[in-house]
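Report on the following structure.
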Amino acid sequence: FHSLQHAPDKEPQLEPGVSEGTWLRNSALGAASSWLATLLTFPVHKTIFRQQIHGFVIRQAVSQLYQEGLLQFYRGILPPLLSKTIQGTLLYGSYDSLMPVLFPQEPVSYQRSTAGCLAGAIEALVLTPFERIQNVLQDHRKVAKLPHVQSILKEFYSYGLKGSLQLGYYRGFLPVLLRNSTGSALYFTFKDPIKNSLSDQGLPVGISAFVSGSVNGVAICLALYPLSVLVANVQSQVGAGTQSLRTSAQNLWASRSGKLLYVYRGSSLIVLRSCLSWGITTAIYELLRGGNNH
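Numbers 1 to 294, taken from full-length UniProt numbering, label the letters of the sequence shown in order.
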């Protein structure tokens with residue numbers, strides 16, 4: 001889950017005459033801030049992925065990546081760069097468009113949660129194929145058979161139209177939908193209250209936005225981390241003989257010796273990644289948006 005979006009502040013809503021310009025501006029700011037945050041945090045993300053797949057400790061994951069070399073290190077970066085750019089464009093624009101349409105009055109918590117849940121569902125629908133391809137690319141066990149994006153697309157195409165959707169692009173869609181919609185709902189419920197509370201204490205906008213995004217993001221990512229582990233394991237599977245979602249969940253639990261602590265391997269690094277990505281994206285967005293408002 002990586003949904004970063006602006007929820008309306010305490011200021012009055014913008015006039016209808018400038019709503020289109022606001023949508024375009026928020027979309028552009030969301031795209032730029034999400035792209036930068038993804039570029040900065042990709043090394044951490046790839047280390048986390050290896051822990052999720054193999055149950056490694058940090059040292060083992062880093063050692064494996066080091067042995068593969070620099071050329072393989074950035075294998076798989078294109079899908080997340082594209083998906084996060086699209087995510088920022090889509091969510092920052094769509095959320096600000098949904099709020100005044102669904103809830104024209106001053107928003108309260110449940111309204112922000114509803115709009116956030118819808119934004120997360122849209123994100124899952126659009127971006128699941130990107131995450132699917134990314135997870136296949138990052139699995140070193142698939143390098144020989146599926147060395148690049150084109151080979152993965154060709155593999156999915158061989159399944160036929162229905163199979164390319166169910167077994168290919170949208171494999172693991174249900175846990176992605178649950179993770180993203182829940183995460184977005186929680187994020188938008190607490191993002192502005194935390195930021196406004198810190199601003200009321202005299203902290204600069206950039207710092208209060210960074211802390212709000214970081215704290216909120218870390219808490220949500222840790223709560224939903226088991227779903228992310230399940231998604232990584234389900235989406236890294238390729239072929240018509242792939243396991244069902246239930247079987248994948250059972251095998252994952254068995255491979256972690258039936259202990260939740262082992263499922264959370266990689267969660268220590270996700271704290272760092274969440275602090276950086278959520279904090280950077282929120283701070284950049286709020287700073288640029290605030291500058292444009294003056």
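Glycine is no exception: its CB is placed at the ideal position from the N, C-alpha and C atoms.
Same chain, Cβ closer than 7 Å to G55, neighbours up to 5 away in sequence not counted: S255, R256, Y262, R265
So, using beta-carbon positions, are S214 and W278 closer together than 8 Å? yes
Beta carbon of R273, beta carbon of V57: below 8 Å? no
Quick check on the burial criterion: 16 or more other C-beta atoms within 10 angstroms. Buried or exposed for Q67? exposed
Taking the alpha carbon of Q134 as the point to measure from, which residue in N180, K145, P79 has its own alpha carbon closest? P79
Is it buried or exposed for Q138, if we count other Cβ within 10 angstroms and need 16 for buried? buried
R289 beta carbon less than 8 Å from that of L224: no
Whose C-alpha, out of D200, S267, P107, L167, is nearest the C-alpha of F188? P107
Where does Y159 sit, in a helix, a strand or coil, going by DSSP? coil
Please name the residue in S34, F130, T47 whose C-alpha comes closest to that of V176. F130
Measuring alpha carbon to alpha carbon, tell me which of K259, G120, F156 ends up nearest G88. G120
Selection from S212, V271, P104 that minimises the alpha carbon distance to Y285: S212
Apply the 10 Å Cβ neighbour rule to G184 and answer buried if 16 or more other Cβ atoms are within range, or exposed otherwise. Per the sequence presented here, residue 184 reads as Ser, with Gly not at that position. Buried.
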